[in-house]
Each structure stands twice: as C-alpha cells, then as structure tokens.
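Student:
In the UniProt record's numbering, the protein residues as written are 1 to 565.
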C-alpha cells in the first residue's frame, strides 16, 4: 500500500493529508481512471504550492519559501548532533589581531584537535610536497585535479625550467605524453573581488599548479603560478626556490582551493543539486511513482538544510560575509561560473574520474572508493528501474518521468544533460548520479573538511596580503602575516566543526525507513545492496588499517543517505 502525500496550503505552512493508492506503479499501469486522475490532480496541486525561485542567476534554482514552517512537518525532521567540544575557540572570536607565530596556532590546535588523528597528521606533514599531492587526491576537495596532455597557454613554464624535477633523461614533453603531468587550475577565481574582513582588505588568487607523477607513485607539485595572466610580476614558483617562497605559493593554492571547495564542490555540487532534484521530484513525480519512492529519501532533507544555509552561513553578517576570503558579494559570480563548468559527465563518477586521469592512480583512495560505491548503487538502481520499467519502450511512454527530467533541465543545467530518456539504462545512470551526489559525494567533501582545515596554514580561509610578485622576499614572519585573524580563523573552525557532525537520525547509504522498502521485492534488492556495501566497508577498513593516513570518508557506514547537514 502506497501512501500519497497531498500538499495543501495552510497559513503559514504546507499541510499534508493522506490518501492511498493500491500500489506503486507507472501511470500507464494504473488500473482505474480515477487513480490516474488522482495522480494528475496531486501534481497540479503540488506545482501550485511548490514553486521555483532563482537564488543566483545562472545556477540551479531553489524552493520558493519564506519560512521553514512552509515546508511542512514531512520535510523538517532533521536535527544536528551535538558538536564536539570546541568551546576553547570561543575565547578567540572577539580577537581581531593576527597570529604572531606558529606556536600560537599550535596552542589552539593542542586544545581543540589533539584527539583528531588525521588533523595531527596534516599538521605534521603539511609542508611536504608529497603530502600536497596526496591532499589533491584525497583531501576535502578531490574534484579539482586533472591529468593534462597540453600545458595551458597562460602558464609560463618551459621544459628547461622543470627538467630538474623530472626523471633523468626525460623532459616535460615526454612526461606530458606519458600522462604523468597533472593540473590544478583555479581560473574560476580569476578577477573575483576579495572580501573585507575586520575592516581589512583580503586577497584572492587564481593559481595554476602543475604536478608530476613520479616513478615512486607520488604526485609532487613542480610549478605554481599564482595568477592567470602571465607577466614579470607573476613569477612561476618552483620547488628549488627558497623554502618560504615555495611554502607560501602552496598556501595560496590551498586558500584558492578552500574558496572553490566551499561554494562549488560542496554547496553547488551537493546541496544545490539535491534541492534541484527534490523540488523537481515533489512537483513532477506523484507519490505512487516508483522513482518518487526511491528518490525522496535521498533528497528531502535538502530543503531545510539549504534554507537554513541561505538564512545564516550565506546571509548578510553570516560566516561567508564576515570570515571567508571570497565573501558574500562574490557568491553569485562563483556559483554561476561553477554551474557553467558542470557537465553531465562531471556528475557521472566513471566518466569524471577517467576524464581527469584519476582512475589509474593507486594512491587515489577517493577514486577507488567512489568507483566501488558508484558501481554498487548503480546495480541497485538498475534493478529498481527494471522492476517497474519492463522495457525501454515503457521509459519512452512515461510522461511523469519526462516531466521530471524537463523540470530539472529547465531549472538546473543543460551542458550535456539528457533531454529525454530512451532506455532503462539511461534512467538508471541518471538516478545513480543523483543519489551519488546527494550521499557519497557529500560525505567526501563535507565530513572531511574539518580534518584538513584544523591546522590553519594548511587551509587558509582568507589571505591578508596580496600574492607575492617577486621571489626571495618571504620570511617565517611574513608567512604568519598572510594568515587570517584570530577571530576569523576560529569562527570558521567552529562552523566547520558543526558541519562535520552527522545528523542525530543518521541513515546510512541505501538504508530506508519507508514502508515500501519492507515489501518482498524491494527488501530483496535492499538486502543485496546492503551486503555489497558491507563488503566495501570491510575492504576499506582492511586497507586503512595498513595506511599511516587512512581515507575513511567513503566507507559506506559513514555515508549519509542524503544531504542532512
């Protein structure tokens, strides 16, 4: 028996009345005309009540509500877990002075992060080049790095310049041809105005960074240019430069990465995507549709979470406004630029990892785990789709399915996204990409962020001095003067701590509380996928037991079923 949620507007909230369909099925399989009409009326009613709103031009749209209570009780159940004790940082939130030494940073680290094994490892190794490369693969933002066979024309490097950092007898051209050169390109930040924090101007850069995959399997940075436009005041920093020059260049890359991670890899790629899918599902798929039943547990938490983010973190005098280098004023520009750079292939894990050359790297634990999660979820979704669509022709005849896809495309993206489904395989792939973005990807980019940001120089949220225009002028004191003020640092760390805690009612990936999943056919599918996910968890645990620095974020028991925080 499938319960149908009928939304009606009641001041000041949407209320739910329940009616029942005899079964979950496609529209063409409804046996009674009155049930077909009931599905149609439900969608018409919900489309009147659940409307789209433009949050940022050029980015996915959001739900049009002015109050959380308008969402109704069905979409308001998520609660946060108690945050770990970071009360020590409260004492710094009113101090606008700069950090004077690494020993001061070590003091807050000792009191706040000493029990965090990954954070301790980051603090111990953040200056080392091999760790810089590791973090590009397995840090909180594994979405930026890509293999390149051609140098960007605006990167002022030559083969002679880089020869000392390549294998003896090789050359830059040969390493490019072998697929051993990787690129970080933060061009999305080019020309973006930086924030003013504590009445101090901060600074952004748009770096390009080349990395080389050496014969030991390490990914090492070999060249960093801090701005996109080449010129005499935009030098290329090299590992052979003075230690502080090279260290500061890497810190600029990490600061740029933080900006892209927070707004694009995290908020846009998971939160905004989940809300896009949720609104389209509520508007276009009636409760009796099998994809409504499968998808809603993965997306329904996003409405409350995102509304709260827009009202606090992304609001005037919120965290981005008062503590982050890119600031609130640049949010529309970065979200629209980030949206323009998203294609359907970037959301499909096998294609994305292959396109970026990460699927071949044994030290890319994110890539390994992401592929295993994708494959397992894809098999589950394929079985679900085939349970209801008995052939490709049934896909083509489903008007509700295509209304859903049309709504997503009209209010989301267009770059390579399917305009119509022709086969069951196409539906399964699209739904898998949706579920992955709302669960595993969110786990990878959200629950990792505090671990890599706790040691402040490894992840500067803002920079208080402009990028260097010459080499050889940086000292340790200069390094400290680039870092954000005490209150800025501690406000961000406290926020990241809250965001890194799972919900009290945490539901692991592919676990469902809804009654439909207790029916025989669905229960068998769940038993299969949950067993496969347990095997993945066991394999990850075995691998991590042999690593000095484990990668735990995509272990299935740690992946929330939805964007719930």
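All residues carry an ideal CB built from backbone N, CA and C; glycine is no exception.
Taking just the CA atoms, how far does residue 183 sit from residue 443?
Tutor: The count along the chain shown starts at 1 and reaches residue 443 at position 443. The count along the chain shown starts at 1 and reaches residue 183 at position 183. About 24 Å.
Student: Is residue 228 helix, strand or coil when you go by DSSP?
Tutor: As a position in the chain shown, residue 228 is number 228, starting the count at 1. Residue 228: coil per DSSP, three-state reduction.
Student: At 4 residues or longer, what runs of the alpha helix (DSSP H) sit wholly inside the region 450–481?
Tutor: Whole alpha helix (DSSP H) segments, 4+ residues: zero.
Student: How long is the line joining the alpha carbons of residue 117 and residue 411, rounded to whole angstroms?
Tutor: As a first step, residue 117 is located in the chain shown; it is residue number 117 there, counting from the start. As a first step, residue 411 is located in the chain shown; it is residue number 411 there, counting from the start. Approximately 42 Å, taken between the alpha carbons.
Student: I need the straight-line Cα distance from residue 94 to residue 457, nearest angstrom please.
Tutor: The residue you call residue 94 lines up with position 94 of the chain shown. The residue you call residue 457 lines up with position 457 of the chain shown. Cα to Cα, residue 94 sits roughly 20 Å from residue 457.
Student: Given that a residue counts as buried once 16 or more other Cβ atoms are within 10 Å of its Cβ, and exposed if not, what is residue 258?
Tutor: Against the chain shown, residue 258 aligns to sequence position 258. The residue in question, residue 258, is buried, as its Cβ has 16 or more Cβ neighbours within 10 Å.
Student: Is the region 458–468 touching the region 481–497 in the sense that three or more CB pairs, one from each, lie closer than 8 Å?
Tutor: yes
Student: Applying the criterion that 16 or more other CB atoms from any shown protein chain within 10 Å of the CB defines a buried residue, is residue 142 buried or exposed?
Tutor: Your numbering for residue 142 matches position 142 in the chain shown. Counting Cβ neighbours within 10 Å, residue 142 comes out buried, since at least 16 surround it.
Student: Considering only their Cβ atoms, is the gap separating residue 63 from residue 303 smaller than 8 Å?
Tutor: Locating residue 303 in the chain shown gives position 303, counting from the first residue. Locating residue 63 in the chain shown gives position 63, counting from the first residue. Yes, the Cβ-Cβ distance between residue 303 and residue 63 is below 8 Å.
Student: Take residue 293 and list the residues in its own chain whose beta-carbon comes closer than 6 Å to its own, dropping the five residues that flank it on each side.
Tutor: On the chain shown, residue 293 is found 293 positions in, with the first residue counted as 1. 24, 516.
Student: Check whether the region 262–281 touches the region 247–254, counting contact only when three or more Cβ pairs, one atom from each stretch, lie closer than 8 Å.
Tutor: no
Student: Helix, strand or coil for residue 25 per DSSP?
Tutor: Stepping through the chain shown from its first residue, residue 25 is reached at position 25. If DSSP states are grouped into helix, strand and coil, residue 25 belongs with coil.
Student: Can you tell me which of the three DSSP states residue 165 falls into?
Tutor: Against the chain shown, residue 165 aligns to sequence position 165. Note: residue 165 maps to helix in three-state DSSP.
Student: Need the endpoints of the beta strand (DSSP E) that residue 569 sits in, please.
Tutor: Absent from the model: residue 569. The displayed extent of the chain is 1 to 565, so no value can be given.
Student: Using the three-state DSSP reduction, which class does residue 344 fall into: helix, strand or coil?
Tutor: Numbered from its first residue, the chain shown carries residue 344 at position 344. Helix at residue 344.
Student: Report yes if the CB atom of residue 320 is closer than 8 Å to the CB atom of residue 333, and no otherwise.
Tutor: On the chain shown, residue 320 is found 320 positions in, with the first residue counted as 1. On the chain shown, residue 333 is found 333 positions in, with the first residue counted as 1. Against a cut-off of 8 Å, the Cβ pair of residue 333 and residue 320 comes out as no contact.
Student: If we count the other Cβ atoms within 10 Å of its Cβ and call it buried at 16 or more, is residue 452 buried or exposed?
Tutor: For the purposes of this step, residue 452 is taken as residue 452 along the chain shown, with counting starting at 1. Only buried fits residue 452, as 16 or more other CB atoms lie within 10 angstroms of its CB.
Student: Please specify which runs of the alpha helix (DSSP H), each continuous and at least 4 residues long, are wholly inside the region 296–345, giving them in chain order.
Tutor: 302–311, 319–323, 331–340
Student: I'd like the list of long-range same chain contacts for residue 129, defined as Cβ closer than 7 Å, with 5 residues on each side in sequence excluded.
Tutor: To locate residue 129, count along the chain shown from 1; it is residue 129. Once the five neighbours on either side are set aside, the close Cβ partners of residue 129 are 220, 221, 239.
Student: Can you give me the C-alpha to C-alpha distance between residue 98 and residue 203, rounded to a whole angstrom?
Tutor: Residue mapping note: residue 98 aligns to position 98 of the chain shown, counting from 1. Residue mapping note: residue 203 aligns to position 203 of the chain shown, counting from 1. Answer to the nearest angstrom: the Cα atoms are 15 Å apart.
Student: Within the continuous alpha helix (DSSP H) that includes residue 35, where are the two ends?
Tutor: Here the question's residue 35 lines up with position 35 in the chain shown. Run containing residue 35: 33–49, per the alpha helix (DSSP H) assignment.
Student: Tell me the rounded alpha-carbon separation between residue 57 and residue 339.
Tutor: Here residue 57 refers to the residue found at position 57 when the chain shown is read from its first residue. Here residue 339 refers to the residue found at position 339 when the chain shown is read from its first residue. Looking at the two C-alpha atoms, the distance is approximately 10 Å.
Student: What does a CB cutoff of less than 6 Å around residue 157 pick up in its chain, not counting 5 residues either side in sequence?
Tutor: As a working mapping, residue 157 is identified with position 157 in the chain shown. Counting only Cβ-Cβ distances below 6 Å, and skipping sequence neighbours, we find 223, 236.
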